[in-house]
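Undergrad: Going down the list, the protein sequences come from chains X and Z.
If you count the first sequence from 1, you need to add 75 to reach the working numbering.
If you count the second sequence from 1, you need to add 525 to reach the working numbering.
Idealized CB from N, CA, C, for every residue including glycine.
Only a predicted model underlies this, so the values are computations on that prediction, with no experimental measurement involved.
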Amino acid sequence: MMEKQVLVVFPHPDDEAFGTAGVMTKFVNEGVPVTYACATLGEMGRNMGNPFFATRETLPEVRRKELKDACQVMGVDDLRMLGFRDKTLEFEDPELLVSTIGKLIDELQPSLIITFYPGYGIHPDHDACAAAVIETVKRIPKEKRPTVYTLPITPDREAVLGKPDKVFDVTDVLETKIKTIEAHRSQTEAMVARLEDGSLDPNSEIMTFIKQESFWIYRFDE
Amino acid sequence: MKPIHIEEVQKILETFENQDLYFHLETTSGAYAAQDKEKLAVGAYIRNGSLRFSNVKMAGSGPFRVGFKLNEGWMYAEGITDYQLDDGRLLMAGHDSSGRLAVAVQLSYTPFD
């Protein structure tokens with residue numbers, strides 16, 4: 076997995092946690108610089124806790140802190156908060172998204188970009204963010220394009236896109252990955268409680284899912 | 526936030542009458558609701574809309590409804606369970622039994638961030 080620089084682009088704090096935190100940690104451990112660009116602060120999230128830990132107005136700060144904590148857990152020291160607003164990405168001027176991501180790519184010259192797969196993201200922000208990343212990379216001359224690992228998350232992903240091109244076993248960094256998930260407490264508390272009370276069988280579907288990170292390499296057909 | 530006390534919130538709401546306000550109105554089922562094919566993902570959101578109302582009333586026995594008679598129209602929300610007055614802003618929200626926000630109505634004299 077030799078890479079020069081990895082750029083991860085997702086719209087919400089915690090989007091990295093389930094699908095790619097293990098791979099991000101592996102890159103960091105190998106000394107590969109990893110940048111996490113998070114487009115929004117997930118400020119429209121619905122989980123306010125019971126008892127409440129946030130209001131609609133304080134949630135962005137809660138999420139900002141959790142995002143920083145998650146990066147610290149993974150050892151990712153370059154976190155870029157892009158300042159867009161949760162649930163608005165699909166309504167933004169696409170050129171604004173493209174130029175924002177384009178500047179990051181110009182600056183970092185990543186050899187690998189990781190994002191969702193456009194159209195297979197379930198959440199409109201996931202699709203809009205991924206589409207902007209793909210559009211940005213499309214505009215780079217073929218020979219200079221970084222590799223793009225995409226994460227389709229719809230249940231039909233394998234039926235439509237085939238098997239993933241890259242499957243990483245992240246068992247060796249599983250503890251870090253679970254801590255990353257835990258760092259996003261406002262979003263993952265219920266699940267973390269299940270992880271901690273031991274009710275999750277190590278062979279359960281969710282644990283099998285967490286131990287493996289699968290990516291589809293985006294094909295820029297031209 | 527704390528549970529709605531109808532008389533108390535009614536009094537606070539009335540202090541906002543006939544003034545230029547910024548409001549936040551939101552309702553959501555969550556973007557993932559449609560994963561369950563039986564459900565329709567719904568939501569509406571307006572942030573920092575301008576609003577002036579002449580009358581306001583909280584109704585119901587909880588969860589509550591709140592209705593605003595605007596200069597040229599109406600606005601209302603249903604399912605309100607909790608509120609908080611912070612820095613002169615009134616935040617009201619409806620949370621489900623697991624603490625998830627389903628509706629929010631907020632009023633402020635200055636724009637929300």
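Please report the straight-line C-alpha distance between Gly-117 of chain X and His-87 of chain X, rounded to a whole angstrom.
TA: Reading the first sequence from its first residue, position 42 is the one you call residue 117 of chain X. Reading the first sequence from its first residue, position 12 is the one you call residue 87 of chain X. About 5 Å.
Undergrad: Chain Z partners of Glu-132 of chain X, CB-CB under 8 Å?
TA: Position 57 of the first sequence, counting from 1, holds the residue named residue 132 of chain X. Result: Asp-611, Arg-614, Leu-616, Gln-631, Phe-637, Asp-638.
Undergrad: Taking Asn-543 of chain Z as part of the beta strand (DSSP E), name the residues at either end of that continuous run.
TA: Residue 543 of chain Z sits at position 18 when you count from the first residue of the second sequence. Looking at the DSSP string, Asn-543 of chain Z is not in any beta strand (DSSP E), and its letter there is neither H nor E.
Undergrad: What residues of chain X sit near Gln-544 of chain Z, judged by a beta carbon separation below 9 Å?
TA: For the purposes of this step, residue 544 of chain Z is taken as the residue at position 19 of the second sequence. Simply none; closest approach about 20 Å.
Undergrad: Locate the beta strand (DSSP E) running through Phe-290 of chain X, then write down its first and last residues.
TA: As a working note, residue 290 of chain X is residue 215 in the first sequence. Segment 287–292, the beta strand (DSSP E) holding Phe-290 of chain X.
Undergrad: Looking only at its chain, what residues have a beta carbon closer than 6 Å to the beta carbon of Leu-154 of chain X, apart from the 5 residues adjacent to it on each side?
TA: Walking along the first sequence from the start, residue 154 of chain X turns up at place 79. Within the same chain, Leu-154 of chain X has close Cβ partners Tyr-111, Cys-146.
Undergrad: Would a check of beta-carbon distances place Met-156 of chain X closer than 7 Å to chain Z?
TA: On the first sequence, position 81 is the one that residue 156 of chain X refers to. For Met-156 of chain X, the answer is no, since every Cβ of chain Z falls outside 7 Å of its Cβ.
Undergrad: Please report the straight-line C-alpha distance between Leu-576 of chain Z and Thr-225 of chain X, rounded to a whole angstrom.
TA: Taking the second sequence and counting its residues from 1, one reaches residue 576 of chain Z at position 51. Taking the first sequence and counting its residues from 1, one reaches residue 225 of chain X at position 150. Distance between the alpha carbons of Leu-576 of chain Z and Thr-225 of chain X is about 43 Å.
Undergrad: With which residues is Pro-528 of chain Z paired in a DSSP beta bridge?
TA: To locate residue 528 of chain Z, count along the second sequence from 1; it is residue 3. Answer by DSSP bridge pairing, in chain order: Z:Asp-607.
Undergrad: Less than 7 Å separating the beta-carbons of Thr-606 of chain Z and Gly-619 of chain Z?
TA: Walking along the second sequence from the start, residue 606 of chain Z turns up at place 81. Walking along the second sequence from the start, residue 619 of chain Z turns up at place 94. Yes, the Cβ-Cβ distance between Thr-606 of chain Z and Gly-619 of chain Z is below 7 Å.
Undergrad: Please compile the residues from chain X whose C-beta is within a distance smaller than 7 Å of the C-beta of His-620 of chain Z.
TA: The residue given as residue 620 of chain Z occupies position 95 in the second sequence. Under the 7 Å cutoff, chain X gives Met-123.
Undergrad: Go to Gly-237 of chain X, then tell me how far its alpha helix (DSSP H) extends in each direction, as first and last residue.
TA: Within the first sequence, the letter at position 162 stands for residue 237 of chain X. Here Gly-237 of chain X belongs to no alpha helix (DSSP H), and DSSP marks it neither H nor E.
Undergrad: Using the Cβ count rule (16 or more neighbours within 10 Å means buried), how would you classify His-530 of chain Z?
TA: As a working mapping, residue 530 of chain Z is identified with position 5 in the second sequence. Classification for His-530 of chain Z: exposed.
Undergrad: Our contact map puts Arg-220 of chain X next to Phe-295 of chain X with C-beta atoms below 8 Å; I'd like the distance itself, whole angstroms only.
TA: The count along the first sequence starts at 1 and reaches residue 220 of chain X at position 145. The count along the first sequence starts at 1 and reaches residue 295 of chain X at position 220. So it is a contact: roughly 7 Å between Cβ atoms.
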